[in-house]
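**Q** Before I ask anything, here is the structure I am working with.
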Amino acid sequence: MSAARNTIDIQEPIMTVPTPPPFDPELAAALTVMAEFIPPSLTMETLPALRDAPFMPEEDFTRGGAIDVTELTVPGPAGEPDISLLVLRPAGETEPVPALYNIHGGGMILGTNRLIPTEMLDMVVELKLAVVSVEYRLAPEHPHPAPVEDSYAGLVWTAKHADEIGVDPGRIIVAGASAGGGLAAAVALLARDRGGPALIGQLLICPMLDDRNDTVSSHQMAGLGVWDRTSNDTGWTALLGDRRGGPDVSPYAAPARAADLSGLPPAFVDVGSAETFRDEDVAYATGIWQSGGVAELHVWPGGFHGFDMMAPQAAISQEAKAARLRWLRRILGA
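The sequence shown maps to residues 1 to 334 in the UniProt record's numbering.
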């Protein structure tokens, strides 16, 4: 047998990536329109332009006077800069109300605390709760642990000063979408491990949890939809540098690394079937169950990353938002 033949015999097998699941028809139509201005892949080279562009239209947070809006500057982590909290509260409410502590998305590298899902504004009015949205420092200028420590510091301040902002300190739910969902999961872990605020729930919307970026769904959706495997590599590398994917990544950076998911507040986890985060999110909910915890998991068929925010009128988007609302009503007893 020739040397050339021997070389062929010992080559590593080529990985076959399974066919990706189809997009929901309504969402596929929306993706076609969005493809002109939202590329599936984000790199560090394209980040400056994205930061300069409006991330999303500015919301009228007051809803015509139905919501009171307060902007606060509060202490950040010890020895670090102060942080900003945006507090939205139902107008006219004189008693303390439950609070959603919102951590914004943006792949760890984009966004501000004004990036609040429209459905959360609806919840302020409908459920009579507050939204407290935290501003955290962004990677790569501020890598881990800056984003999660800022987010945790804001939560601790909110709980300790709840009476000042009209919030019930015993009824706080940590919430976030995408990177914000990952940070929300990490903040829940920190609160458990540091004996911090006693959260009553965690609302994790398509959370970004696993720096290893090597699930089947991450490979399936490469180059497709919104926030593909390349974008995910960009975000995690900005946060962790050359530690990304290595053996020593903290669960407070990437909650999928947590070996123990016991003792956490009840979780709501949802994700699309046609997005990068599908498999890591399913695994996280499974880990909570296997640790004796409570989690409600939804995998929305044909959903791309952030589908309900980008195509809010689609039938499946309406179903996703209704499921979150039902979960919140149960958690709050509303």
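Backbone N, C-alpha and C fix where the C-beta goes; we use that ideal spot for every residue, glycine too.
The alpha helix (DSSP H) with Gly111 in it runs from where to where?
**A** Premise fails: Gly111 is in no alpha helix (DSSP H) and is neither H nor E.
**Q** Fully enclosed by the segment 166-236, which alpha helix (DSSP H) runs are 4 residues long or longer?
**A** Fully enclosed alpha helix (DSSP H) runs of 4 or longer: 179-193, 216-220.
**Q** Per DSSP, which residues does residue 337 bridge with? Please list them.
**A** Missing from the structure shown is residue 337; the chain here goes from 1 to 334 and no further.
**Q** Are the beta-carbon atoms belonging to residue 336 and Val69 less than 9 Å from one another?
**A** This structure cannot speak to residue 336, because the chain is shown only from 1 to 334.
**Q** Can you check whether the CB of Glu135 is closer than 9 Å to the CB of Ile83?
**A** Yes, the Cβ-Cβ distance between Ile83 and Glu135 is below 9 Å.
**Q** Might you give, ordered along the chain, the residues of its own chain that have their beta carbon closer than 6 Å to the beta carbon of Ala222, omitting 5 neighbours on each side?
**A** Closer than 6 Å at Cβ, skipping near neighbours: Asp228, Arg229.
**Q** Under 9 Å between the Cβ atoms of Pro25 and Gly302?
**A** Their beta carbons are under 9 Å apart, which means Pro25 touches Gly302 by this criterion.
**Q** Terminal residues of the continuous beta strand (DSSP E) containing Arg329?
**A** Here Arg329 belongs to no beta strand (DSSP E); instead the alpha helix (DSSP H) covers 315-332.
**Q** Taking DSSP's pairing of strands, which residues face Thr46 in a bridge?
**A** DSSP output for Thr46 lists no bridge partner at all.
**Q** Can you list, in chain order, the residues of its chain with a C-beta nearer than 6 Å to that of Ala30? Leave out the 5 residues immediately preceding and following it.
**A** Only Ala311 meet the Cβ criterion.
**Q** Could you tell me the alpha carbon to alpha carbon distance between Ser231 and Ala130, rounded to whole angstroms?
**A** Going by the C-alpha atoms only, they are around 32 Å apart.
**Q** Below 6 Å CB to CB, which residues in the same chain sit around Ala162 once its five sequence neighbours on both sides are set aside?
**A** Excluding sequence neighbours, Ala162 sits near Pro169.
**Q** Quickly, what does DSSP pair Val17 with across the bridge? List them, please.
**A** BP columns for Val17 are empty, so no partner.
**Q** Could you tell me which of Glu80, Leu85, Leu50 sits nearest to Thr158, measuring between CA atoms?
**A** Residue Leu85 is the option with its Cα nearest to Thr158.
**Q** What do you get for Ala198, buried or exposed, if any count of 16 or more other CB atoms within 10 angstroms of its CB means buried?
**A** By the neighbour-count rule (16 or more Cβ atoms within 10 Å), Ala198 is not buried but exposed.
**Q** Alpha carbon to alpha carbon, how far is Ser178 from Val249?
**A** Ser178 and Val249: Cα-Cα distance of roughly 19 Å.
**Q** Count the other CB atoms, across all protein chains shown, that sit within 10 Å of the CB of Arg329; report buried if there are 16 or more and exposed otherwise.
**A** Its Cβ having fewer than 16 others within 10 Å, Arg329 is exposed.
**Q** Under 7 Å Cβ to Cβ from Asp308, same chain only, skipping five residues before and after it: list those, please.
**A** Same-chain partners within the cutoff: Ser317, Ala320, Lys321.
**Q** Quick check: Asn102 and Gly176, are their CB atoms within less than 9 Å of each other?
**A** Yes, Cβ-Cβ distance for Asn102 and Gly176 is below 9 Å.
**Q** Short of 7 Å in beta carbon distance, which residues of its chain neighbour Thr7, apart from the five on each side in sequence? Order them along the chain.
**A** Because Thr7 sits at a pLDDT of 37, beneath the cut-off of 50, its placement in the model cannot be relied upon, and the following sentence gives the value as read from the coordinates. Contacts found: none.
**Q** Rounded C-beta distance between Gly225 and Ile331? I'm assuming under 8 Å.
**A** So it is not a contact: roughly 30 Å between Cβ atoms.
**Q** Mark Arg194 as exposed unless 16 or more other C-beta atoms lie within 10 angstroms of its C-beta, in which case mark it buried.
**A** Classification of Arg194: exposed, given that the 10 Å Cβ count is below 16.
**Q** Can you look up Thr118 in the DSSP assignment and give me helix, strand or coil?
**A** It is helical.
**Q** Who are the Cβ neighbours of Ala78 in its own chain at under 7 Å, not counting the five residues just before and after it?
**A** Closer than 7 Å at the Cβ level, and outside the excluded window around Ala78, lies no residue.
**Q** Name the one or two DSSP bridge partners that Val69 has.
**A** In the DSSP output, where bridge partners are listed per residue, Val69 has Leu88.
**Q** Would the beta-carbon of Leu100 fall within 9 Å of that of Ile173?
**A** Their beta carbons are under 9 Å apart, which means Leu100 touches Ile173 by this criterion.
**Q** Using DSSP with H/G/I as helix, E/B as strand and the rest coil, what is Ser151?
**A** If DSSP states are grouped into helix, strand and coil, Ser151 belongs with the helices.
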